[in-house]
Amino acid sequence: MTNKKLLSALIMMALTTSVLGSVYAADESNGDAVKRDKPYAAAEEIEKLPDIVVIGDRNKEREVLPGDFVYTKSQTGFLSGKDTLDIPFTQTNFTEKSMEMFTGPDKPMDSLLANSPSIRQSGSILHGDFFFRGFRTNGTNFYVNNVPGVFTQFNTPLYPIESLEMISGPNVGIYGTGVQYETTNPGGIISVKTKVAPDNRVFDFTQTISGRGLFGEYLDYGERFGKNKEWGIRITTENLNGRSSVKGTKINGQGIFANIDHQSEKSKDNLFIGYRNLDIQDGLRWFILDSSVTKLPGVPKGSNDYSFDGMVKSTHGWLMTYNHEQKFNEHWDGFANFGMQRNDLDRNVMANGGSGYVLKEDGTFPVTARPGGTPQEYYYWQLGTTAHYNTGDINHDITLSYNQAWRNRKTAYNNGSLATIGSGSLYDGINQILPAPTKFDTRWSNKTRVESFSIIDYMTYEKWNVIFGFHKHEATSKSYKYSGNASNWSSIDTIKTDATSPTYGFIYHPNDNSSIYASHTENFDAGSGVNTTFENYGDVLPPLKTKQNEIGFKYLKDDLLWTLAYYDIKQDNLISVYKTGYSKPFQSKDGQARHKGLELAVNGKLADKWNLFGGISRMSAKQEKTTNGTLDGVRVNGTSEWTAVFGAEYNPNEFWSFVGRGIYTGRSPVMNEKIWAGGYTIFDVGATYKTHFGEVPAELSLMVNNVFNKDYWQVSRGNQVYLSLPRTLTFTAKLHF
C-alpha cells in the first residue's frame, strides 16, 4: 500500500470514527438526537457577552480580544499564561479565526504573519521565508507546543493549529534551544499550539476551492471522554489536489494529525502526532540577479509560469510532540517536553540546484536544473521545574530547565553537475530542449547536537514585574567528508562551541490598563570553523550573537490593545580582516549589522460592529562593520524603511461579516544598494455568511487576496528576488455537524 493510499484510508477511518461517536452519543441519550446549541441563533436569542470572553474552562489562560483575532496571553516557554501587559517584549498571539481568514492551501505562511508590523513578506508556497524585524527566517524555527524544530521550511501545516504567537526580537533565554538549519531566529519567536478537544464536541467538515481549481477537504473532530471529561482527542485531516493561481502549478497533499490530552487535578499531558505528504509541481518564483545587472527587469505578470517540465518539490514525513506538566505542591511545579521528526524532501528538482534562475537585466535567464534531496531526523527533550516563593513582599516564579536536541541531515550526491536544459525569458516563458535530470543518492552531511541550561526568575512587587535570567548552550557539530561520489565518509570534522547570554526586563504598571517596559534579550546558535581560504584556517569562531534592547508601552482599554515599541538590535557578522605581511585575510566575527526601529500595533474593537487590527513600522537597518569598511552605512539587503498593515472587520448583524486589509511595503535594496526594488501596496477583501443547511450550521466565506492583481518584486536576500503572487480567490464552506 502506498503512503497516499494509506493516508486516504486513515482519513476515512477518522471520518468513520467521528460518525460512530455521534451514533453512540445518540444511543446514550435513549435514542434522542444529540442536543446541540445553535451557534447561529436569531438576534433576540443571543445573550450579550462581556467584551473579553474566555474560550472554555480548559483554556482559561487564553483570553481573546473582541473581534477574535488575537489572544491577550502568552503561550510560549517560561512566559506561558502571562498577560501581554506583563511581558516586556512586543507580543501578538493570533487566533484560529485569524489563521482561517488569512491563510490557505496555496498561500504562503506570511499571509497571516503580515498582520504584524514586525513582518515583511518574502515567501511563496515553495519557500516559506519571511523577514522578522529585518532578519530572514522560516518554518524551521517554529515552536510546536513549546518544542522547537519539528516543522520545516517547506512543510508547515497550519490546519491542526489553533493559535500562533509571535514574540519579536532575539529571545533564546525564554525557551528551550533546538538545532537550527537554513536560518536562525534573531528576529523573534514563532510559537504555535495545536488544536485540543474542547468541552463540547466538535465535528467540522471544510471544503476549500481556490486558485485555478485547487480543492481542499478538511475534517476536524474533537471530543472529551471520562467521568470528568479528563481525556480529550482531536483529529484533523487534509486532502488537497488541484492547481494554484500561478499557471501550471499543481499541488497534491494529504495529512492526518491527532492530539490526545489528559488532565487531572495535579497534572496535564498532551500528545500531538501526525503525518503529511506534500507534492508541488512547478510554481517557481525565485530569481538570482546576475552580477552585471544595474537595474531590475520590468515586473512580469504574477500569474506567469517559469517552470520546466519535470520541476517538482515533494516531501513526506511525520512528527510528534509530548508535553507533561506536574504540580507537586503549592510551591513546586515540574514539566517535560519531548519531540521528534522524520522528514524526507525526497524529490527536489528545481532551478539552479535548489534555488532560482540567474536573471539578466533584459529579463532572460538560462534554464538550469540539478536534482537533490535532504532527508533529516530530529530529536528533542527538555526537563524543568518552577518554584513559587516569596521573599518579603516580592513574589518569585523561578524556572530552571535543561534540554538537548539533535538534528541529523543527509544531502544529495551522484546527481551530476548543474545542467543547462534550455533558456527562458520573463516575458516569453521557457524554451526547454532537454529533459530535467532526476537521478541522485543521499548520504550523511551533518549531525549537530545542542544542550542548554536556562534559569529565569519572574518577580512581582506591587506595580512592578522584573525578569532576570541566564542561558548557556553548547553545540557540537559533525560535518562528514567524502572522496568523490563515495557513499562512505572518509573523515569527520567536529566543532564544539558554547556561549552564554543574559535576559532581563522591567515592567511598570501605572494602572490596571497599561504597562511601561524595558528589556534586553539575546540569541545565538552554533559557532563555526575557519576554512582554507583564510590565514587562521582551523580556528573555531564562537557563535555569532544577536542582542536587542527594547523599550515600549502597552495600553488595553475600551476593548483596544495598543503597543508602541522601540528596539535596537545588533547582530555579529563574519568579515575578512587584512593584515600586513599575510597573503590571505583572517576571518573574524567582528562584523556588525544594526537594526533600529519603531513599531505601533493595535488590535480589538474600534466601535460597535467594527473590529480593527494592524500597525506601522519604521526601521533603519544598516551594515556598520564590514570588510575594509567598504559597506559601512549601507542598508541591509531586503529591508524596507517603512512597512504598514491595517485591517478592519465589519459585522452588520450576526449572520454577515466583511473584512478588508491593506499591506504597504516600502522600497528595499538589493545587491548592497546597487539596485532598489520599488515599494508596493496590496489589498485583500473578504466576506463570511453564517447560515444553516437543514439542521447543520455552516459558514460560507470568500476571500480575495491581491484584489487589484498588483505585480511586484519581493526582495529575498542579498541578490535574490521573488515574483509576487497574482490575485487569488478562495471560497470556503465550513459545516458544523
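With mature numbering (1 follows the signal peptide of the UniProt record, and there is no 0) as the guide, the letters of the sequence shown map in order to residues -25 to -1, 1 to 712. Just so you know, even glycine gets a beta-carbon here, dropped at the ideal spot from N, CA and C.
Checklist entry - Are the stretch 206 to 220 and the stretch 157 to 173 touching, with three or more C-beta to C-beta distances below 8 angstroms? => result Yes, the stretch 206 to 220 touches the stretch 157 to 173.
Next on the checklist: Taking 8 angstroms as the threshold (C-beta atoms), are Gly661 and residue 773 in contact?
Outcome noted: Lying before the first or after the last residue shown, residue 773 is absent from the chain, which here runs from -25 to 712.
Item to check | Neighbourhood of Trp688 by C-beta distance below 8 angstroms, restricted to the same chain and skipping five residues each side | outcome: The beta carbon of Trp688 lies closer than 8 angstroms to those of Leu271, Val274, Ala652, Gly653, Val696, Tyr697, Leu698, Ser699 in the same chain, with the five residues before and after it left out.
Next on the checklist: According to DSSP, is Glu75 part of a helix, a strand, or is it coil?
Outcome noted: Judged by DSSP in its simplified three-state form, Glu75 adopts helix.
Checklist entry - Taking Cβ to Cβ, would you say Val154 is nearer than 8 angstroms to Trp381? => result With contacts defined as CB atoms closer than 8 angstroms, Val154 and Trp381 qualify as a contacting pair.
Checklist entry - Under the rule that 16 or more other beta-carbon atoms within 10 Å means buried, what is Glu305, buried or exposed? => result The residue is exposed, with fewer than 16 neighbouring Cβ atoms inside 10 Å.
Item to check | As assigned by DSSP and simplified to three states, the class of Val696 | outcome: Strand.
Checklist entry - How would you label Asn406, buried or exposed, when you count the other beta carbons within 10 angstroms and need 16 or more for buried? => result Around the C-beta of Asn406, fewer than 16 other C-beta atoms lie within 10 Å, and the residue is accordingly described as exposed.
Item to check | Chain-order list of residues whose beta-carbon lies under 7 angstroms from that of Lys204 (same chain, five-residue window excluded) | outcome: Once the five neighbours on either side are set aside, the close Cβ partners of Lys204 are Asp174.
Item to check | CA-to-CA distance, Asp254 to Leu704, given in whole angstroms | outcome: Cα atoms of Leu704 and Asp254: separation of roughly 21 angstroms, rounded to the nearest angstrom.
Item to check | Own chain, CB closer than 6 angstroms to Ile526, minus 5 neighbours either side, in chain order | outcome: If we look at Ile526 and ignore the five residues flanking it on each side, its Cβ neighbours are Ala493, Tyr541.
Checklist entry - Starting from Asp85 and walking both ways along the alpha helix (DSSP H), at which residues does that stretch end? => result Start and end: 85 to 88.
Checklist entry - Unbroken beta strand (DSSP E) runs of length 3 or more, entirely within the stretch 554 to 617: which are they? => result With a minimum length of 3 residues, the continuous beta strand (DSSP E) runs that stay inside the stretch 554 to 617 are 561 to 582, 585 to 600.
Checklist entry - Is DSSP giving Leu133 helix, strand or coil here? => result Per DSSP, reduced to three states, the secondary structure at Leu133 is coil, with no helix or strand assignment.
Checklist entry - Smallest Cα separation from Asn323: which of Gln256, Gly635, Asp195, His371? => result For Asn323, the nearest C-alpha among the options comes from Gln256.
Item to check | Counted within 10 angstroms of its Cβ, other Cβ atoms place His363 as buried (16 or more) or exposed | outcome: Exposed, by the Cβ-count rule.
Next on the checklist: I need the DSSP call for Thr115, collapsed to helix, strand or coil.
Outcome noted: Here Thr115 sits in helix by DSSP.
Item to check | Own chain partners of Gly693 with C-beta closer than 6 angstroms, once the 5 adjacent residues on each side are dropped | outcome: Answer for Gly693: Asn612, listed in chain order.
Item to check | Inter-stretch contact (C-beta, 8 angstroms, three-pair minimum) for the stretch 449 to 460 and the stretch 398 to 414 | outcome: No, the stretch 449 to 460 is not in contact with the stretch 398 to 414.
Checklist entry - Nearest CA to the CA of Thr296: which residue from Asp265, Thr269, Asp244? => result It is Asp244 whose Cα lies nearest to the Cα of Thr296.
Checklist entry - Which whole runs of the beta strand (DSSP E) in the stretch 427 to 480 are 3 residues long or more, in chain order? => result Segments of the beta strand (DSSP E) lying fully in the stretch 427 to 480: 439 to 456.
Checklist entry - With DSSP run on the structure shown, which of helix, strand or coil describes Leu271? => result Reduced to three states, the DSSP call for Leu271 is coil.
Checklist entry - Cβ of Ala450 within 8 angstroms of Cβ of Thr475? => result The Cβ atoms of Ala450 and Thr475 lie no closer than 8 angstroms to each other.
Item to check | Neighbourhood of Thr443 by C-beta distance below 7 angstroms, restricted to the same chain and skipping five residues each side | outcome: For the sequence presented, residue 443 should be read as Phe rather than Thr. So the list reads Asp432, Tyr479, once near-sequence residues are dropped.
Next on the checklist: Determine whether the beta carbon atoms of Gly191 and Ser219 lie at a separation below 8 angstroms.
Outcome noted: Result no, Cβ atoms of Gly191 and Ser219 do not sit closer than 8 angstroms.
Checklist entry - DSSP on Asn100, reduced to helix/strand/coil? => result It is worth fixing the name first, because residue 100 is Ile in this sequence and not Asn. It is coil, neither helix nor strand.
Next on the checklist: For a minimum of 3 consecutive residues, which ranges assigned as the beta strand (DSSP E) are wholly contained in the stretch 39 to 73?
Outcome noted: The DSSP assignment places complete beta strand (DSSP E) segments of no fewer than 3 residues inside the stretch 39 to 73 at 66 to 70, in order along the chain.
Item to check | Residues bridged to Pro341 (per DSSP) | outcome: DSSP, once it has assigned bridges, lists Ser398 as partnering Pro341.
Checklist entry - In the DSSP assignment, what are the bridge partners of Ser138? => result In the DSSP output, where bridge partners are listed per residue, Ser138 has Thr70, Lys168.
Checklist entry - So, helix, strand or coil for Val660, using DSSP? => result Val660 falls in the strand class under three-state DSSP.
Checklist entry - Gln379 and Ala311: beta carbons closer than 8 angstroms? => result The answer is no: Cβ separation not under 8 angstroms.
Item to check | Buried versus exposed, by CB contacts within 10 Å (16 or more), Pro627 | outcome: The residue is exposed, with fewer than 16 neighbouring Cβ atoms inside 10 Å.
Checklist entry - Can you give the Cα-Cα distance for Tyr482 and Asp61, rounded to whole angstroms? => result A small correction: the amino acid at residue 482 is Ile; Tyr does not occupy that position in the sequence shown. Ile482 and Asp61: Cα-Cα distance of roughly 7 angstroms.
Checklist entry - For Phe630, which beta-bridge partners are listed by DSSP? => result Paired residues: none, contrary to the question.
Next on the checklist: Quick check: what's the CA-CA separation for Glu624 versus Tyr664?
Outcome noted: Using only the alpha carbons, I get a separation of about 13 angstroms.
Checklist entry - Can you name, in chain order, every residue of its own chain whose Cβ lies under 6 angstroms from the Cβ of Leu710, other than the five neighbours on each side? => result Excluding the 5 residues flanking it on each side, Leu710 has same chain C-beta neighbours closer than 6 angstroms at Phe180, Val671, Ala673, in chain order.
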